[in-house]
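> Residue numbers (our numbering), protein chains in the order written: chain F, 52 to 336; chain L, 505 to 665. For reference, the structure I am asking about is given below.
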Amino acid sequence: MLRCSEADVGYPVTHLALTGEDAALLRRWHASGEDAAVLARVRELAAGSVARVSTDQAWEMIRRCLVGYHPISDGEPVFGRRDYLIELLDPGAVAAAATALAEVSQEWLRERFEQRLPRPNPGPVEPGPGPDFDTVWACWARLAGFFARASRAQRYVLFFTASRFWRPPRRETGPDGRTRVVRPAYRPQDYTVDPNSLRSLPADGGSWPFEAELAERDGVLYSWTEVGRFIRGGRTWVRLTSSDSEYYIDVENADDRIGRIECVDPLVAYWLARRTDKYPVVLED
Amino acid sequence: MGGLGVHFSFPAGRGGRLRDGDQAALAFVGELKGRWDPYYLQQTDQAWDPIHRCLADGTLAWAGSDWPLNGAILGGEPVYLGRDYIIMFLDDQDVAEIAAALDEVTQPWFRARFFALPAHGYQGRTDEAAFDYTWGWFELMRAFFRKSADEGRRMVFTAGQ
Chain F
52 MLRCSEADVG YPVTHLALTG EDAALLRRWH ASGEDAAVLA RVRELAAGSV ARVSTDQAWE
112 MIRRCLVGYH PISDGEPVFG RRDYLIELLD PGAVAAAATA LAEVSQEWLR ERFEQRLPRP
172 NPGPVEPGPG PDFDTVWACW ARLAGFFARA SRAQRYVLFF TASRFWRPPR RETGPDGRTR
232 VVRPAYRPQD YTVDPNSLRS LPADGGSWPF EAELAERDGV LYSWTEVGRF IRGGRTWVRL
292 TSSDSEYYID VENADDRIGR IECVDPLVAY WLARRTDKYP VVLED
Chain L
505 MGGLGVHFSF PAGRGGRLRD GDQAALAFVG ELKGRWDPYY LQQTDQAWDP IHRCLADGTL
565 AWAGSDWPLN GAILGGEPVY LGRDYIIMFL DDQDVAEIAA ALDEVTQPWF RARFFALPAH
625 GYQGRTDEAA FDYTWGWFEL MRAFFRKSAD EGRRMVFTAG Q
């Protein structure tokens, strides 16, 4: 039996209603290359009292349903780095989005939802269940209401979410001449298992004894690196990581065959990755 | 104790109101709960009770055993004195010290402490499934401490009683 639920976290997806002054400030900072200032201000706005709506795990299905109809997240980029998407919709685009969202019926959305459910992952580990239609519809309704209010108030709307690009840590020489690790602040995306890396793992226990799968050059787990062993449910599990990544999987030794395979929660993966830092760490935004 | 445990983190410059009495502390925690930002909170379900016992002296005593391991759940500064709720405050230095201590906890050490809990009066389950449940929440809580320490944040631990 194989499962992968812990790592399939949602990620914050937020639409914020902005005044023209805030929008102009973000544009100006972005134009002058001050992306750190943009991110700081957007975080401040997201934590503050501006009108906003968060769709989080429902966003991916909403986005899929909007493709070919009226994409509402394709605004003007005001952030130049790859780690976050921060895009601005002007009041005209907000009004158009408000109209498009308001015209959608529950039946239309249900039909699209069912057509556009994601395909199974390659490999034996499947993601946990995504949001059901009722959840997506509830988020859609909140999003439509948010855009309608923002449109009436002639607001800009800012789309803010983390991107899915992995941001690896790097080594550099600090001001004191000593080596240090520069590690991006924690984002779940950087520590979430890539489903493609699990493509070759067996769903049926494999064909070799468990230790041979790990140690033999032709074993299916040979390309993974063992970082520890532990007991769960009275059985031995091996925790593995893949080179050039910072995500981890747990593989059960089930009667000397590969048993369950589980993705390690991204937060725990962050802890594991931090344990491997051999030099002082500096976090960067 | 049957309440659900939650750690919330917040910037080092905030939280001054926590020391202004029970109502102020409740209001501050109410704001954190209202926001419910999963990036800055970590639940421990009902596992906070056995986790604290394992990290401290096997009991639920407020100051049982040694700092900093006993500080992760009930060893911070109590800022709410009512009997219906627990609010413990940890400043950023506390969080850093506890995170460093939690980093060194191994599963065999934790396991030995867990299965010895009945000798300290613990009446919850102490079988393999209960251990897996407790250790699973512990790993998440420990990672949350590391992240919060890395980001220089303060914390409160909250639970109903």
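Cβ coordinates follow ideal geometry from the N, Cα and C atoms, glycine included. This one's a predicted model, so the numbers in the text were calculated from it and none came from an experiment.
Would you identify the three-state DSSP class for GLN550/L, choosing helix, strand or coil?
Reduced to three states, the DSSP call for GLN550/L is coil.
> Compute the Euclidean distance between the alpha carbons of ALA600/L and LYS651/L, then round it to the nearest angstrom.
In a straight line, the C-alpha of ALA600/L is about 10 Å away from that of LYS651/L.
> Any C-beta of chain L sitting closer than 7 Å to the C-beta of VAL265/F?
Checking the sequence shown, residue 265/F turns out to be Leu, not Val. No, no contact with chain L.
> Output, in sequence order along the chain, the residues in the stretch 625-657 of chain L whose CB is closer than 7 Å to any CB in chain F.
For the stretch 625-657 of chain L, which is checked against every Cβ of chain F, the residues closer than 7 Å are GLU632, ASP636, GLU643, LEU644, ARG646, ALA647, PHE648, ARG650, LYS651, ASP654, GLU655.
> Considering only C-alpha positions, which residue in the set TYR544/L, ILE577/L, ASP596/L, ALA528/L is nearest to ASP553/L?
For ASP553/L, the nearest C-alpha among the options comes from ILE577/L.
> Please work out which residues of its chain come closer than 8 Å, Cβ to Cβ, to ALA266/F, disregarding the five sequence neighbours upstream and downstream, and give them in chain order.
TYR273.
> Rounded to whole angstroms, how far is the Cβ of ASP486/L from the Cβ of GLN527/L, which I believe are closer than 8 Å?
With chain L running from 505 to 665 in the structure shown, residue 486/L is simply not present.
> GLN547/L CB to nearest chain F CB: under 7 Å?
Taking Cβ atoms only, chain F never reaches closer than 7 Å to GLN547/L, which makes this a no.
> Just mark GLY519/L as buried or exposed, buried being the case when its beta carbon has 16 or more other beta carbons within 10 Å.
Buried: at least 16 other Cβ atoms inside 10 Å.
> Closest by CA to GLY625/L, which one among ILE590/L, LEU564/L, PHE593/L?
The option with the nearest alpha carbon to GLY625/L is LEU564/L.
> Going by alpha carbons, who is nearest to ILE282/F out of ARG557/L, PRO542/L, ASP631/L?
Looking at the Cα atoms, ASP631/L is the closest of the given residues.
> Nearest-angstrom Cα distance between ARG658/L and GLY507/L?
If you take the alpha carbons of ARG658/L and GLY507/L, they lie about 22 Å apart.
> Name, going along the chain, the residues of the stretch 599-614 of chain L whose beta-carbon falls closer than 8 Å to a beta-carbon of chain A.
Protein chains in the displayed structure are F and L, and chain A is not among them.
> Please say whether LEU209/F and ASP104/F have beta carbons closer to each other than 7 Å?
A quick correction: the sequence has Val, not Asp, at residue 104/F. No, the Cβ-Cβ distance between VAL104/F and LEU209/F is not below 7 Å.
> Of all Cβ atoms in chain L, is any one closer than 7 Å to the Cβ of LEU334/F?
Closer than 7 Å to some Cβ of chain L, the Cβ of LEU334/F qualifies, so yes.
> Specify the secondary structure class of ALA195/F as computed by DSSP and reduced to three states.
Reduced to three states, the DSSP call for ALA195/F is helix.
> Residue ranges of each beta strand (DSSP E) run of no fewer than 3 residues wholly in the stretch 289-314 of chain F, ordered along the chain?
Here the runs fully enclosed are 299-305, 308-314.
> Is there a Cβ of chain L sitting closer than 7 Å to that of VAL319/F, yes or no?
Chain L contact via Cβ: present.
> Could you compute how far the alpha carbon of ALA529/L sits from the alpha carbon of ASP595/L?
About 15 Å.
> Given a cut-off of 7 Å, decide if VAL244/F and GLY257/F are closer than it, judged by their beta-carbon atoms.
Contact: no.
> Report the partner residues of ALA341/F according to the DSSP bridge assignment.
Given that chain F is displayed from residue 52 to residue 336, the structure contains no residue 341/F and the question cannot be resolved.
> Using DSSP's beta-bridge definition, name the partner residues of TRP275/F.
DSSP output for TRP275/F lists SER293/F as bridge partner(s).
> Taking TRP322/F as the query, report the chain L residues whose CB atoms sit under 7 Å from its CB, ordered along the chain.
Per Cβ cutoff of 7 Å: ARG646, ALA647, ARG650.
> Using a Cβ-Cβ cut-off of 8 Å (strictly less than) and excluding sequence neighbours within five positions of GLY310/F, which residues of its own chain qualify?
Counting only Cβ-Cβ distances below 8 Å, and skipping sequence neighbours, we find MET52, GLY256, ARG286, VAL302, GLU303, ASN304.
> So if I threshold CB-CB distances at 7 Å, which residues from the stretch 233-249 of chain F count as touching chain L?
From the stretch 233-249 of chain F, only ALA236, TYR237 have a Cβ closer than 7 Å to chain L.
> Between the Cα of GLN546/L and the Cα atoms of VAL510/L, GLU643/L, TRP639/L, which residue gives the shortest distance?
The option with the nearest alpha carbon to GLN546/L is VAL510/L.
> Could you work out which residues of chain L lie near GLY285/F, taking near to mean beta carbons separated by less than 7 Å?
Simply GLU632.
> Measuring only the C-alpha atoms, how far is LEU318/F from PHE512/L?
Those two C-alpha atoms are separated by around 15 Å.
> Please classify ALA151/F: does DSSP put it in a helix, a strand, or coil?
ALA151/F falls in the helix class under three-state DSSP.
> Are the CB atoms of LEU136/F and THR212/F within a distance shorter than 7 Å?
Cβ atoms of THR212/F and LEU136/F: closer than 7 Å.
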